[in-house]
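Residue numbers (my numbering): 122 to 920. We treat Cβ as the ideally placed atom computed from N, Cα and C, and that holds for glycine. Bear in mind the structure is a predicted one, so any value in this text is a computation, not a measurement.
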């Protein structure tokens, strides 16, 4: 127990306390002496994080074996601390959280399958998806059921080290991985050249008259050069294979490892007994070609990886916070909600907030791609990553770190990169059985050749193991998806998942909301007719519309400088707003909403906003907005592709029909409530139609969720952005066409990748089994096959 520490010994490390040192830590109400400031800091950290059980269960009889820092704190438990998690964990619900982890040593789709299968067995895991291309794990979990440290520990038990993904560390990680590959490649390349010179002389009779002693000497020299290739350059393959076997499955590095180790051991045996065949040149060349293929794949993946990390690298590290009448510079990650921060001209805003200054001009190009300054007024929202282009600003913080809009965008992109289409999930599953089948075929090949020609049995078996490794097959979809996501990202389009690729195949119907989608949603008052006191009408309308979230409200919210504030307000989605003002009930909204009180009243044809009390209709307003310049272009392009277009709106039939005729929309469904819109989508789906929906309002969130795929804009409501599968950041409707084009190109490239990979594996197997492929040629073929897949997918990066 902690209380049993001998006097004069450090409470933490149990070593003697040097003379003159008077340091201590508070533990269970007592001051415990420590030997140095380092032990003091570590002990305080352990106690602060509630890990005092460490002191209760350590072995006091073996002070030299007591670790200075318990492993669970050093590697895992610290990640459960809420302050630590604020840097890399996002809250997605009351109990649910999500984060992205960097997982070391992921080499192929089999590693991803292994990790996902292991986590699927963990209670509390909501979703876990591995992206092979950038070695990241996107995970969502119930924090009441499982801790993040438990998840990381579970991965460690199957041989994968997972750490929180930090944007500012990614360049260092990339460089470290590249340097590691270059070192291993250098060793394999140098050894291959030396061993091949000796092998060339032996094979082609240059030194055929040498006696057995000299030949044995050359074999030993070859062994010396080949050994570091096996034990150093080939390490990544063995580690991956071992992790797979420990977890009860086999991945694609298992046959590669068997081939390398088998050839080396057979050659070593031949050297020891002084007769037989050696394969040192094949081992060295084989490893060199494999590493070359993996290295080139790594470079291709890094192109996507670097682009995906660009956004958060521009976030500032420091913030200017108001503090007791002055300013203090603090780390941006230490900001809290409701802090007041000051942003000087030219500085990047470190957190989401609300503008307290009178006005501002900010550059939001980091989010939207649009470099023109956006004007903001007092009370408007400001997003992290924007650049202040006006005078000094004061902002009240509303979200920090992983809860900001920018962090959400990056998280959305990571989720899209990690998501897999159904075909890839099937391929990953089949690949496990493919490798098992490959091992069986290799064993059969060895037995047959042992009977036909024992001297070539091992050679042929190695060729079979290597040539048919399905690495290219596992890369077919991930590399395509990565290319597609980043192509769209460069167009300022965010995609949440792989359902885009699934639904585009059968796409035949695109449904558009009207207001804010086919039009800008920037309403203005066109005309009005009053049946009561104008000043009082304006005051009532302003008071009501200031409580409304509908885009049309902005055009009427400032009719009066002295709005009358309602006592009770109730929003009726898709209808209008009802309120009680000074004992009188009012309604402001659609014609049908007013007719429930005044069934015999008829509005003028273009009036779309009506104010009424229970006693009489008080005013009619015509409020309209501007049609997007690219709406006609988008509708025409979709029709040329044979895609049916439908306008689904809550607006009046006359106004909807007028716009639909101007744009050439195939079908119009007007005066639709949110429930009506959902029913319409369901009806279309029951007719075996694949329906995409484009909308932006709060009322559109249910129908966006119902559609096979949905799109919204950066200006849309939070509910719409949550429900949508695709977010168009720069508010250009033509991006709908880009999404369709990219999805179709991705499917074509993915199909090409699958055909190539499967065709190569099926065709090379019988050739290798017949002994017509040397092991080094098999290694070269397998590497080139993977590179063809990667190179084909890189076509998606070209805009």
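CB contact flag (residue 313, residue 409, <7 Å): yes
Under 7 Å between C-beta atoms of residue 778 and residue 789: Taking 7 Å as the Cβ cut-off, residue 778 and residue 789 qualify as a contacting pair.
Residue 245: CB within 6 Å of a non-hydrogen atom of the ligand ADP: No copy of the ligand ADP occurs in the structure displayed, which carries no ligand at all.
Identity of the residue in 681, 682, 700 and 683 nearest residue 689 by Cα: 700
Member of 203, 333, 264 and 235 whose CA lies at the smallest distance from the CA of residue 216: Ranked by Cα distance from residue 216, the options 203, 333, 264 and 235 are led by 264.
Per DSSP, the bridge partner or partners of residue 742: Residue pairing of residue 742 in beta bridges, as defined by DSSP: 649 and 730.
Residue 706 versus 698, 712 and 833, residue with shortest Cα-Cα distance: Residue 706 has its Cα closest to that of 698, out of 698, 712 and 833.
Burial state of residue 887 (16 or more Cβ within 10 Å): Result: exposed.
Other residues of its chain near residue 683: CB distance less than 7 Å, five sequence neighbours each side excluded: 660
Integer Cβ distance of residue 601 from residue 867, believed to fall under 8 Å: 5 Å
Counted within 10 angstroms of its Cβ, other Cβ atoms place residue 385 as buried (16 or more) or exposed: buried
One or two residues paired with residue 221 in a DSSP bridge: 259
Closest residue to residue 676 among 686, 664, 685 and 687 (Cα-Cα distance): 664 is the residue among 686, 664, 685 and 687 whose C-alpha sits nearest the C-alpha of residue 676.
Cβ pair count under 8 Å reaching 3, the stretch 599 to 614 against the stretch 738 to 749: no
Residue 882 vs residue 913 beta-carbon contact at 7 Å: no
Whole-angstrom C-beta distance between residue 589 and residue 567, which should lie under 8 Å: Contact between residue 567 and residue 589 does not hold, since their C-beta atoms are separated by about 14 Å, which reaches or exceeds 8 Å.
Through-space distance from residue 456 to residue 444, alpha-carbon basis: 12 Å
Selected residue, minimal CA-CA separation from residue 511, among 499, 447, 467 and 505: 467
Three-state secondary structure (DSSP) of residue 661: helix
Length of the line joining the Cα atoms of residue 749 and residue 250: The alpha-carbon separation between residue 749 and residue 250 amounts to approximately 38 Å.
Closest residue to residue 878 among 784, 149 and 911 (Cα-Cα distance): 911
DSSP state of residue 607 mapped onto helix, strand, coil: helix
Three-state secondary structure assigned by DSSP to residue 717: coil
Straight-line gap, residue 377 to residue 787 (C-alpha atoms, nearest Å): 58 Å
Residue 815 beta carbon less than 7 Å from that of residue 638: yes
Exposed unless 16 or more other CB atoms sit within 10 angstroms - verdict on residue 832: buried
Straight-line gap, residue 245 to residue 262 (C-alpha atoms, nearest Å): 6 Å
Contacts around residue 793, its chain only, beta-carbon distance under 8 Å, and the 5 residues preceding and following it disregarded: 695, 769, 770, 771 and 801
For residue 612, three-class secondary structure by DSSP: coil
Contact under 7 Å by Cβ, residue 613 with residue 850: yes
Coil, strand or helix - residue 786 by DSSP: It is coil, neither helix nor strand.
Buried/exposed call for residue 459, threshold 16 Cβ in 10 Å: exposed
Residue nearest to residue 392 in terms of C-alpha spacing, selected from 338, 360 and 412: 338
Spatial neighbours of residue 165 in its chain, beta-carbon cut-off 6 Å, leaving aside the 5 residues before and after: For residue 165, where only same-chain residues beyond five positions count, the Cβ hits under 6 Å are 146.
Paired residues, beta bridge with residue 415 - DSSP: None, per the DSSP bridge assignment.
Cα-Cα separation, residue 500 to residue 517: A direct Cα-to-Cα measurement between residue 500 and residue 517 gives close to 10 Å.
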